[in-house]
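Residue numbering for the sequence shown follows this note's numbering, beginning at 1094 and increasing consecutively.
We put the CB at the ideal spot given by N, CA and C, even for glycine.
Read through the structure below, which is laid out as structure tokens, and then see the notes.
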Amino acid sequence: MAGVLHVRPYRRSDLPALTEIWNQIVEDGVAYPQEEPLDPEGAAAFFAGQSRTAVAELEGQVVGLSILHPNNVGRCGHIANASYGVRRDCRGHGVGRALVEDSLAACGALGFRLLQFNAVVANNLGAIALYESLGFVRLGTIPGGFRLKDGSYEDIIVFYHRV
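Printed below as a string of structure tokens:
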């Protein structure tokens, strides 16, 4: 994958690419908890409703996305949560790392003090290695916390990072 990777806030013109990446991951059924794909109207509202939606852009093409939002409300509203998605043909080339680093950098300006991942599927070894390499702390494992598309269950891991 040649070229300069750039992470930036999303624009409305990015919505078709964001929706395609998001829906690929939903359809795969091995990472996101959502079961239904986003339609164009739902995607526009969903991505606009985040504290920050960003895209990873390479050679003018959107190759990844991140969403950042509060993990909870009120007295726990200073803890962020995030999701990441990378186009299938661009995985393993640093796109995810760039998106996570961007989220960590954006947290403070948005008033977040911690970034927490509630449900990293235990067989997502690439994501786990990435998060641990960036200093995320593993809090624990929830046995059978994720139902895979085939109906079987996989453990999920909870991580956090101070920002």
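Handout entry: Burial state of Tyr-1246 (16 or more Cβ within 10 Å)
Key = exposed
Exercise for the section: Can you tell me the Cβ-Cβ gap for Leu-1111 and Ala-1149, rounded? I've got them flagged as a contact below 8 Å. Expected result: Contact doesn't hold; Cβ gap of about 11 Å is too wide.
Exercise for the section: Report all residues from its chain with a CB closer than 6 Å to the CB of Val-1155; omit the five preceding and five following residues, and keep chain order. Expected result: Asp-1107, Ala-1110, Val-1148
Practice task
In the DSSP assignment, find the beta strand (DSSP E) that holds Ala-1175 and state where it starts and stops.
Solution key: 1172-1179
Problem - Cβ pair count under 8 Å reaching 3, the region 1184-1203 against the region 1219-1234 - result: yes
Practice task
Tell me, please, whether the region 1236-1252 touches the region 1198-1206 by the rule of three or more beta-carbon pairs shorter than 8 Å.
Solution key: no
Handout entry: Residues that DSSP places opposite Tyr-1253 in a beta bridge
Key = Gln-1209, Val-1230
Exercise for the section: Kindly indicate which residue of Leu-1098, Ile-1249, Asp-1243 has the alpha-carbon position closest to the one of Gly-1122. Expected result: Asp-1243
Practice task
In the DSSP assignment, find the unbroken beta strand (DSSP E) run with Val-1148 in it and report its ends.
Solution key: 1145-1151
Problem - Buried or exposed (CB count within 10 angstroms, at least 16 for buried), Asn-1174 - result: buried
Exercise for the section: Return no unless some Cβ of chain E is closer than 8 Å to the Cβ of Glu-1129. Expected result: Absent here is chain E; the protein component of the structure consists of one chain.
Practice task
State the Cα-Cα distance for the pair Phe-1139 and Thr-1146, rounded to the nearest angstrom.
Solution key: 10 Å
Exercise for the section: Would you mind stating whether Leu-1158 and Ser-1196 have Cβ atoms separated by less than 8 Å? Expected result: no
Exercise for the section: Using three-state DSSP, classify Leu-1108 as helix, strand or coil. Expected result: helix
Problem - C-alpha distance - Leu-1098 paired with His-1186, whole-angstrom precision - result: 10 Å
Practice task
Pull up the CB-CB distance for Val-1214 and Ala-1124, whole angstroms please, since I reckon it's below 8 Å.
Solution key: 6 Å
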